[in-house]
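Worksheet: the structure to be examined is printed underneath.
In the working numbering, the protein residues as written are 59 to 318.
Right, here's the structure in full:
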């Protein structure tokens with residue numbers, strides 16, 4: 059019962075981050091499982107992916123949809139790419155020590171975070187993009203390629219992929235930040251990590267009973283996170299997200315040295 063409550067609370071906290079930043083929540087779940095419950099990394103990754111199989115962000119997505127901050131077409135193409143490559147990431151994690159890749163990815167995430175914080179903007183700041191800006195012309199192949207890349211990282215690290223999807227939608231495709239978050243959550247509604255979860259289950263690194271309370275917490279917390287995000291100004295949202303990325307990036311860089 060104690061573990062059940064810890065897993066439920068963990069899912070609730072991760073859900074808030076999910077709704078706020080458009081991520082699946084695995085970026086919070088995996089380190090928390092290793093630190094709080096002494097899960098080994100591969101089991102934590104498998105548990106996180108399994109928890110994300112259910113449409114835990116449905117309430118958050120509906121909230122973004124109600125506010126006109128969801129591009130369903132973009133979500134669909136990204137999700138299609140995610141489905142195809144999550145198993146590749148799982149195979150990489152099961153076969154290789156991924157410490158060097160994690161550090162390289164961490165550096166990339168830190169740079170993206172600093173970019174959101176405006177560290178590299180030496181000239182006149184760019185005009186903010188309106189939340190209702192039209193994104194219907196975004197090329198499908200670009201969205202699909204984004205999903206493919208995010209799927210590999212999802213399978214490797216037990217994350218939904220939003221930590222890649224949101225910055226890419228904003229930085230490469232010109233999405234308003236809140237619409238990028240809503241569209242990322244929409245892409246993560248489908249069981250995109252199913253093949254990866256099945257691979258981990260076959261390898262004996264998954265306990266579905268651990269994933270269930272995490273999923274319940276995620277569903278509730280994501281709605282709260284979405285409501286917080288929608289109420290923030292675009293500038294504050296961007297700064298908050300940038301700070302979040304920097305913290306996440308630092309975690310990936312130091313993770314091989316702290317033994318989790």
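Built from N, CA and C at the ideal position, the CB exists for glycine as well.
Identity of the residue in the options nearest residue i by Cα
i	options	result
residue 273	61, 290 and 68	68
residue 100	110, 109 and 88	88
residue 152	294, 311, 264 and 315	264
residue 239	287, 113, 271 and 316	287
residue 72	91, 83, 176 and 117	83
residue 107	132, 160, 231 and 269	269
residue 171	241, 94, 196 and 229	229
residue 195	164, 157 and 227	227
residue 109	303, 290 and 66	66
residue 175	297, 315, 316 and 303	297
residue 316	115, 93 and 267	93
residue 304	255, 251, 163 and 158	163
residue 205	173, 307, 241 and 235	241
residue 266	199, 203, 102 and 165	102
residue 121	290, 285 and 199	285
residue 133	81, 63 and 299	81
residue 167	117, 222 and 158	222
Residue i to residue j span [Cα, whole Å]
i	j	result
residue 259	residue 136	25 Å
residue 207	residue 141	11 Å
residue 119	residue 313	31 Å
residue 309	residue 224	19 Å
residue 98	residue 277	25 Å
residue 178	residue 113	37 Å
residue 127	residue 233	10 Å
residue 160	residue 271	27 Å
residue 130	residue 253	23 Å
residue 104	residue 261	10 Å
residue 61	residue 95	8 Å
residue 257	residue 209	14 Å
residue 249	residue 123	20 Å
residue 306	residue 143	23 Å
residue 125	residue 201	22 Å
residue 169	residue 255	30 Å
residue 115	residue 251	14 Å
residue 300	residue 173	7 Å
residue 289	residue 237	13 Å
residue 275	residue 302	21 Å
residue 90	residue 291	29 Å
residue 20	residue 231	Nothing about residue 20 can be reported from this structure: the residues present for the chain run from 59 to 318 only.
residue 235	residue 111	25 Å
residue 157	residue 311	9 Å
residue 197	residue 85	28 Å
residue 295	residue 70	21 Å
residue 64	residue 117	23 Å
residue 203	residue 293	28 Å
*Would you check if the region 139-150 and the region 207-226 touch, i.e. whether three or more CB-CB distances between them fall below 8 Å?*
Yes, the region 207-226 is in contact with the region 139-150.
*asked:* Count Cβ pairs between the region 237-252 and the region 122-139 that sit closer than 8 Å; are there 3 or more?
replied: In this structure the region 237-252 lies against the region 122-139, because at least three pairs of beta carbons, one per stretch, are closer than 8 Å.
_Three or more C-beta pairs under 8 Å: does that hold for the region 278-291 against the region 71-84?_
The region 278-291 makes contact with the region 71-84; the number of CB pairs closer than 8 Å reaches 3 or more.
_the region 218-225 contacting the region 189-199, beta-carbon criterion three pairs below 8 Å_ = Counting Cβ pairs under 8 Å, fewer than three are found: no touch.
_Runs of alpha helix (DSSP H) lying entirely within the region 59-126, each at least 4 residues, in chain order_ = Within the region 59-126, the complete alpha helix (DSSP H) runs of at least 4 residues are 60-79, 84-94, 99-109 and 116-124.
*asked:* Restricting to runs no shorter than 4 residues, where is the alpha helix (DSSP H) found entirely within the region 220-284?
replied: Here the runs fully enclosed are 220-229, 235-245 and 252-260.
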